[in-house]
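Colleague: Protein chains in written order, with full-length UniProt numbering: chain A, 1 to 323; chain B, 1 to 323; chain C, 1 to 323; chain D, 1 to 323.
We put the beta carbon where it would ideally sit given N, CA and C, even for glycine.
Only a predicted model underlies this, so the values are computations on that prediction, with no experimental measurement involved.
(1) Roughly how many angstroms separate the alpha carbons of residue 207 (chain C) and residue 139 (chain C), rounded to a whole number?
(2) Return yes when the Cβ of residue 119 (chain B) is within less than 9 angstroms of the Cβ of residue 100 (chain A), no when it is not.
(3) Can you pull the chain A neighbours of residue 5 (chain B), defined as C-beta to C-beta under 7 angstroms?
(4) Counting only beta-carbon separations shorter than 9 angstroms, does residue 144 (chain A) have a partner in chain D?
(5) Which residues, in chain order, does the stretch 88 to 101 of chain B contribute to contact with chain G at a C-beta distance below 8 angstroms?
(6) Verify the CB distance criterion: does residue 78 (chain D) have a CB-CB separation below 9 angstroms to chain C?
(7) Residues of chain C with CB closer than 9 angstroms to the CB of residue 169 (chain B), please, in chain order.
(8) Can you give me, in chain order, the residues of the stretch 98 to 122 of chain B that have a beta carbon less than 8 angstroms from any beta carbon in chain C?
(9) Going along chain B in order, which residues have a C-beta closer than 8 angstroms to the C-beta of residue 52 (chain A)?
(10) So the candidates are B:29, B:83, B:12, B:204; which of them puts its Cα closest to the Cα of residue 102 (chain B)?
(11) Over the uninterrupted alpha helix (DSSP H) stretch that includes residue 199 (chain D), give me the two end residues.
(12) Below 9 angstroms between beta carbons: does that hold for residue 281 (chain D) and residue 32 (chain D)?
(13) With distances taken Cα to Cα, identify the nearest neighbour of residue 56 (chain C) among C:181, C:69, C:94, C:34.
(14) Can you pull the chain A neighbours of residue 172 (chain D), defined as C-beta to C-beta under 8 angstroms?
(15) Can you round the beta-carbon distance between residue 205 (chain A) and residue 231 (chain A) to whole angstroms, since I take them to be within the 8 angstroms contact cut?
(16) Which of the residues in the stretch 38 to 49 of chain C, read from start to end, lie with their CB under 8 angstroms from any CB of chain B?
(17) Leaving aside the five residues before and after residue 132 (chain B) along the sequence, list all residues of the same chain whose C-beta is less than 7 angstroms from its C-beta, in chain order.
(18) State the Cα-Cα distance for the pair residue 16 (chain D) and residue 294 (chain C), rounded to the nearest angstrom.
(19) Taking 9 angstroms as the CB-CB limit, is residue 135 (chain C) close to chain D?
(20) Evaluate the contact criterion for the stretch 55 to 75 of chain C versus the stretch 57 to 71 of chain D: three or more CB pairs, one atom per stretch, below 8 angstroms.
(21) Excluding five sequence neighbours on each side, which residues of the same chain lie with their C-beta closer than 6 angstroms to the C-beta of residue 175 (chain A)?
(22) Indicate the three-state DSSP secondary structure (helix, strand or coil) for residue 245 (chain C) in the structure shown.
(23) Please name the residue, chosen from D:235, D:97, D:146, that lies closest to residue 107 (chain C) on a Cα-to-Cα basis.
(24) I need the straight-line Cα distance from residue 116 (chain D) to residue 148 (chain D), nearest angstrom please.
(25) Let me know the alpha helix (DSSP H) ranges lying completely inside the stretch 57 to 105 of chain C, each 4 residues or longer, listed in chain order.
(26) Does the beta carbon of residue 161 (chain D) come closer than 9 angstroms to any beta carbon on chain C?
(27) In the DSSP assignment, find the alpha helix (DSSP H) that holds residue 12 (chain B) and state where it starts and stops.
(28) Counting pairs of beta carbons, one from the stretch 301 to 310 of chain C and one from the stretch 263 to 276 of chain C, are three or more of them closer than 8 angstroms?
(29) Which value, in whole angstroms, describes the spacing of the CA atoms of residue 173 (chain D) and residue 136 (chain D)?
(30) State the Cα-Cα distance for the pair residue 38 (chain A) and residue 69 (chain B), rounded to the nearest angstrom.
(31) Give every residue of the same chain whose Cβ lies closer than 8 angstroms to the Cβ of residue 96 (chain B), excluding the five residues on either side of it in the sequence, and list them in chain order.
(32) Thinking just about the alpha-carbon of each residue, which of B:180, B:265, B:223 is nearest to the one in residue 210 (chain B)?
(33) Leaving out five residues before and five after residue 243 (chain A) in sequence, what residues of the same chain have Cβ atoms less than 7 angstroms from its Cβ?
(34) Hey, does residue 29 (chain A) have any beta-carbon neighbour from chain B nearer than 9 angstroms?
(35) I need the straight-line Cα distance from residue 34 (chain C) to residue 200 (chain B), nearest angstrom please.
(36) Quick one, which residues of the stretch 146 to 160 of chain B are near chain A if we go by CB-CB under 9 angstroms, in chain order?
Take a look at the structure:
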């Protein structure tokens, strides 16, 4: 496993990492979570991603219990959480980044995770109803109080990220250092175009999510939705339509030819392709089964096979559709 | 119940809220306070206003005990307190906003309220004998120490509010975000004229008090002071004269015609009229009786009836007298 | 008793206050200290001055024990201490204002005083061997940590005070608000000339010491050093020469004629004369005997007798000798 | 023993000090450490240098236990530690100055040292993979939290030191005040040329290490490596080659003639020569044996013998080889 800096920060994270989205609490119990964390750690993974909203707090609770039992030294691993969606629909607890919500949220997450601090704390989405300055102050306070070490954003626009950076610079507060965008072969515009200037100007790091486009890039939806897949989990019906789109699955089919030629799975190719982007600090992968983790980790070995010729062949396939 | 942002901050508060002024400690005991808080909460109210000076600290103690028994999650509700008048006449404890007073006052209030923090803390009046810079530092420290989330002012001049904002901006301290002015059909100049530039320039929010002009806008003083009214509470003799002024009660009579035509009480009309002002974040209403709370809450439904024509009719009645 | 603002700060202190210099630990035991504090408080005194070096820490311990037994509400009174001389001759503990010394000193003083915070903390002298910036940071940290509320200097030059103010302004740290200079009828130049611009420019407050010029202005040294006076305390031999100077005692004699004409003691006249200076926030007086406190407090009543004519008569006597 | 200011800071440290490098944990047990600390203290030494990496944490543990048993008042002595190398090879624990490492490292060191704070904390080497701004924030936070009093660098370039200073100045953070460079008769360029402007511009202080060039300047390697010397300690094989270089030992021989003429050892001459440099705050000397400490301390008496003529004679010998 290689380690990369989180943007221009000094933090070293494994280029492949493991997220608890969807999987924990819904599909994964505490014992399986411990096993998958241990398997990932064995492969050199040191970053485990989480969010308050995942499984309504259960994801954090499960990861926290698993980490406690694993009893690794705290400095060995990097844990994140994210705030915005909240745990219910009440005012100041739902889709907000205001000071009151963040002030309460961090303590709740630390309690569920059974940790003194998280390494990374993300604003899970932008909040148009809270001034960025209020959010920057609140995130900076979380770091000043030792409850987190670095803060960043997820799915914020380039303009919003730069605004947060400038406010922190002007008021001498802690600056955001990373963003967690969706990024994969079928979803590229934000990372490759919108954020382009931010890498150089403010040293933005990326912890990308959805490397397989919600599973589409495994190719398993080419013939409809199989039993037991994520698209059948209750509450994720919206995924089903996206995953069975004929045009997209056509592209997936052509990409599968490339992975076949390279002697790897399409999932491995898809992950390796993301790692070719030097602005990516780490690729978040799923964690529902230990076997899946082992398969994903092999993507690291595929990166070397992505020669300029192979990259051009891929570009010819996906170039026109990348969102 | 609708929720509004507290000025340009991200905090969401119910457009009608409940204050403990006069009522708690004097007219309301702890059991009634719990009932009225619960009734307000049932109507969607999430903001409960208080002040150190109300009933000499008893108001905070009663609300604190009631909140403890109600045992709502802390993030669910917004509590305020205010400092300036103090609990006795001694130096540094009376009509001051100096660092020593504020440093002690916040701890006293939190103890009486049995809370770790208040959401909002107000400078209850301006203090000409303390530099605004000293007060801004002290309020900012209260927030930095996690004892309050937002701070603001009550009955400060526009110039004083702007001065506080600029000092905080220059020294990178926490800025004031709200003001608590008197505002009603008979008292409009400060909110509508003096503060006009502040809404845009610094995003000032308003938590207005005295929507019924101390009861005058209920119409019940048109024939003198009835038994059991606030104007008969000992220590509020000054109110009696104001409430029985013939000219003002004449206006009240004409406003009552409007409310009759709309099929609501004059109190409901008066509250609804305040809600038409988009700069108002919340209207503080009384809390002495559960029935009164239920009546006041109906004002929300009247807002839609205040068409441009009705607003003009009201303006024609009160326009010339508004202070 | 009148109360004055401490310079431009919002803190209200009694215009006469009581210091523990010389007296506590040497001449005054704990029981007498409690009596004299109580007597001063009865006269309206709310400020009690101290310093780490007074009686090598014993003065703080005695005042702390007395305050504990008196059990006044903490907000009622103002306590100070001062740092520079240290409790022994070792490096970083002696005549320094460096961060290490100040970091340790405040905790030591609070322990001896049995208090959570002191109201005022002074840099007892300037330290030419520590950058003012280091001292400003250290003092500002003491306030940020809630261990003191205001900080100032004692016997610093105008240039040094202004430098400290400017550093705090530039780095957004807590600014010094007061200075404790020697000031009396025979020692006027620093307060009246050197600091002249500071009152307006930075709002400097003064807590003046030695109102009686070490007792010279009681007139009791006109015929040599009486038994039991301060000039006979061991370690204060240097005072004896100063107190028995013939020229100065000549002036004292002429001033005594003025106080005789006003029907007060020379000490009362001397203290009242200081109170005529509007830049003085409080005059520190001795506290060795309850009777002495009662006598000094009467100076407040003399101020009104200091008409322009009397002030000119005094000026004619002391004008040429004022240092 | 003389005391010097640590650069332009107000901290007073003994011009000779004792470091635990190499010796503790490898050659020195806890009982010997206590003896050598006590012997140094008897000679007036008040500064004891340490680092996390020395003997992989054992050096701190031994010094901590010795200090605890000696039970000196905390304000009496100055202790340092240094961070960069880490205690293992894992990411964020090895050759880094990122926030995560530093956040954990300080707590680990304080636990091993059994102290509430260290006086000095150094960035043991520059870290090209962490922005200096991130490190300045992290070091400043350590001081803000009261876990250290002053921070500095070790073997940083002048450019890096100045960058750290400017970032702290701009963002109003705690500035670095000292650097710990290698400095001796055979290694002079960085201290004398590269840092030249920093002494005046930012008041940089120096705590120099390797006064005897790893023992070369004792002259004992002129005839090869003797038994029991540091160059035979396992892991320090690289030293052996350096220490037995013929050209360098030729110079050492000529310097020994000077020390013979002055009636002192070459080691004493070498240490005294460093003390002649006014930019040096303290010379760190070894602490493996009490006898060695006593010998080194005599260097203080030699300084006076280093007349301009002697200094020129030395310059003529080493001038051309100084690195």
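Modeller: In terms of the structure at hand:
(1) 18 angstroms
(2) yes
(3) 129
(4) yes
(5) No chain G appears in the structure shown, which is made up of the protein chains A, B, C and D.
(6) yes
(7) Under the 9 angstroms cutoff, chain C gives no residues; its nearest Cβ is about 11 angstroms from residue 169 (chain B).
(8) 98, 99, 100, 101, 103, 104
(9) Residues of chain B passing the Cβ test: none, with the nearest at roughly 12 angstroms.
(10) B:83
(11) 196 to 202
(12) no
(13) C:94
(14) 172
(15) Residue 205 (chain A) to residue 231 (chain A), Cβ: 30 angstroms. No contact.
(16) 46
(17) 160, 163, 164, 167
(18) 56 angstroms
(19) yes
(20) no
(21) 165, 168
(22) coil
(23) D:146
(24) 9 angstroms
(25) 58 to 70
(26) no
(27) Careful: residue 12 (chain B) lies outside any alpha helix (DSSP H), inside the beta strand (DSSP E) at 12 to 14.
(28) yes
(29) 8 angstroms
(30) 45 angstroms
(31) 84, 86, 127, 129, 130
(32) B:180
(33) 214, 215, 216, 221, 225, 231
(34) no
(35) 57 angstroms
(36) 146, 149, 150
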